[in-house]
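Reviewing the structure listed below.
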Amino acid sequence: MSSIKIGKDSNIETLINQTNITVVKYGATWCGPCKMLALVLEKLADEMGDVTFVDVDVDDDDAEMTVKSSEVSSVPLMVFYKNGQPVNRVLGFRPEEEIVRIIESL
1 MSSIKIGKDS
11 NIETLINQTN
21 ITVVKYGATW
31 CGPCKMLALV
41 LEKLADEMGD
51 VTFVDVDVDD
61 DDAEMTVKSS
71 EVSSVPLMVF
81 YKNGQPVNRV
91 LGFRPEEEIV
101 RIIESL
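Residue numbering for the sequence shown follows the UniProt record's numbering, starting at 1 and increasing by one per position.
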């Protein structure tokens with residue numbers, strides 16, 4: 001079972017504020033790098049219980065306002081939040097080690 005939460009307009013604020021650190025991935029089902037990144041984040045979500053991982057599908061009508069307010073223009077995009085505030089944005093696929101380094105630096 002996935003430890004990654006699905007982000008929608010109705011729950012994104014709650015998810016971002018659920019833990020001190022949250023990683024929100026914006027992606028799409030048609031995006032190859034998004035699928036590769038999803039596998040990495042799935043593994044990290046299972047290993048890092050103190051971090052909330054959220055997946056937002058940019059093509060989901062129920063996430064339209066979230067995508068717009070986050071100014072997503074390309075995918076995959078990861079936005080890292082600390083205490084509910086965005087502190088880092090990373091565009092494109094990144095290996096597990098780099099994502100862990102970013103999280104540990106927050």
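Heads up, the beta-carbon is just placed ideally off N, CA and C, and yes, glycines get one too.
Item, Value
"Spatial distance of Met48 from Leu39 (CA atoms)", "14 Å"
"Where the beta strand (DSSP E) containing Val79 begins and where it ends", "77-82"
"Leu91 - partner residues in DSSP beta bridges", "Leu77"
"Pair within 7 Å by beta-carbon distance, Tyr26 and Val56", "yes"
"Neighbourhood of Met1 by C-beta distance below 8 Å, restricted to the same chain and skipping five residues each side", "Low local confidence applies: a pLDDT of 45 at Met1 is under 50, so the model's placement there is unreliable, and no value is given."
"Those residues which DSSP pairs with Pro86 across a bridge", "Tyr81"
"Same chain, Cβ closer than 8 Å to Ile12, five either side skipped, listed in chain order", "Val24, Val54, Val56, Ala63, Thr66"
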